[in-house]
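In numbering that gives the first Met the number 0, the protein residues as written are 0 to 231.
Note that beta-carbon positions come from the ideal geometry of N, C-alpha and C, so glycine has one too.
Worksheet for the structure shown next.
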Amino acid sequence: MRKQSHQPHTHAAGDFTWEVSYPSKQASGFSQRKPTATIEVDERKLYVPVEVARRLEKYEKKAAFPISSLAELVEAIDQAEHTCAWEKIISLVNRRDYTSFELEKRLHLRGYTEAVAHESVEKASKTYLVDDRRFGRLFVESKIRLGWGKRKIALELKKRGLVPEEIEGWPEAFFPEDDQYTHACQLLEHKTLRSPHRYQKAVRFLVGRGFSYGTAMRAAATAAENDSDSEL
0 MRKQSHQPHT HAAGDFTWEV SYPSKQASGF SQRKPTATIE VDERKLYVPV EVARRLEKYE
60 KKAAFPISSL AELVEAIDQA EHTCAWEKII SLVNRRDYTS FELEKRLHLR GYTEAVAHES
120 VEKASKTYLV DDRRFGRLFV ESKIRLGWGK RKIALELKKR GLVPEEIEGW PEAFFPEDDQ
180 YTHACQLLEH KTLRSPHRYQ KAVRFLVGRG FSYGTAMRAA ATAAENDSDS EL
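What follows is the structure, given as structure tokens:
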């Protein structure tokens, strides 16, 4: 249900009339999808992001000649959408890096059409404002420093629309098997698992951190052996 404000803004030029209604403050709720503004013309309703509607009204107010036909209105909406989408991308990437997939999703949730979202993100990619390969490489390196394993990192990359195999050097350059085993053993050295089922708990712990089952079982066996030696 779209909750709109009670006072639509009416614009007229000759016989051509169009109205803009903005969502009420209560319309936001807890949904990821942002409420949109409604443009009504000739008994048709067009839904656009709030910032696009505001830009459109600002444009119409400053124009020497007001919008006087449906064709002019559609063209103005398209121009406002592309301008606002680009400004939104700039605002987002100034805070942190995003993947192309994440940015398109953010724009779509704000009410931008799939075409405008895709074209705007593609433009950002061509200017290297958005670089999926750079994002993927830096993401992997940062998560390795946090102790994440290959499995967990691959899953998180996919959630962000990235294919791990398309990252240069994946996985060999990032996860030499011996390094993974050593890292897993180091994690278990700082993990207290005093119980009859400590081997199983160690395996579950490491798998949860993203290590492969083979590496987890090998490291857990080493930890169990070391525990047995220390108890002698």
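Can you give the beta carbon distance from residue i to residue j, rounded, assuming they're within the 8 Å contact cut?
{"i": "G209", "j": "G148", "result": "3 Å"}
{"i": "T16", "j": "H10", "result": "7 Å"}
{"i": "D131", "j": "S90", "result": "In fact, because the Cβ distance is near 19 Å, the residues do not count as touching under 8 Å."}
{"i": "L108", "j": "A84", "result": "With 8 Å as the limit, L108 and A84 do not qualify as a contact, their Cβ atoms being about 12 Å apart."}
{"i": "A52", "j": "A36", "result": "4 Å"}
Sorted by chain position, which residues of the same chain lie with C-beta nearer than 8 Å to residue i's C-beta, five sequence neighbours on each side aside?
{"i": "K57", "result": "none"}
{"i": "E140", "result": "F173"}
{"i": "A223", "result": "R197, Y198, A201"}
{"i": "E59", "result": "H10, P65, I66, A75"}
Excluding the 5 residues flanking residue i on each side, which residues of the same chain have their C-beta closer than 7 Å to its C-beta?
{"i": "E103", "result": "A116, H117, V120"}
{"i": "A12", "result": "P65, I66, S67"}
{"i": "I143", "result": "F173"}
{"i": "E50", "result": "C83"}
{"i": "L231", "result": "At L231 the pLDDT is 36, less than 50, meaning the model places this residue with poor confidence; the figure from the coordinates comes in the next sentence. Here the set comprises nothing."}
{"i": "T221", "result": "C184"}
Just tell me which of the options has its CA closest to the CA of residue i.
{"i": "R150", "options": "E18, Q199, Y212, A201", "result": "Y212"}
What first and last residue would you give for the beta strand (DSSP E) that runs through residue i?
{"i": "T37", "result": "36-40"}
{"i": "F15", "result": "15-20"}
Does the beta-carbon distance from residue i to residue j come in below 7 Å?
{"i": "A215", "j": "Y198", "result": "no"}
{"i": "G146", "j": "I166", "result": "no"}
{"i": "A75", "j": "L45", "result": "no"}
{"i": "L187", "j": "A201", "result": "yes"}
{"i": "W42", "j": "E18", "result": "Sequence inspection shows Glu at residue 42; the Trp mentioned does not correspond to that position. Going by C-beta atoms, E42 is not nearer than 7 Å to E18."}
{"i": "R159", "j": "E101", "result": "yes"}
{"i": "P163", "j": "W169", "result": "yes"}
{"i": "A183", "j": "L205", "result": "yes"}
{"i": "L34", "j": "P22", "result": "The sequence as given places Pro at residue 34; Leu does not occur at that position. Taking 7 Å as the Cβ cut-off, P34 and P22 qualify as a contacting pair."}
{"i": "Y180", "j": "R203", "result": "no"}
Within a Cβ cutoff of 6 Å, which residues of the same chain sit near residue i, ignoring the five residues on either side of it in sequence?
{"i": "K87", "result": "none"}
Would you kindly report the start and end of the unbroken alpha helix (DSSP H) that includes residue i?
{"i": "L205", "result": "197-207"}
{"i": "T82", "result": "69-92"}
{"i": "R144", "result": "131-144"}
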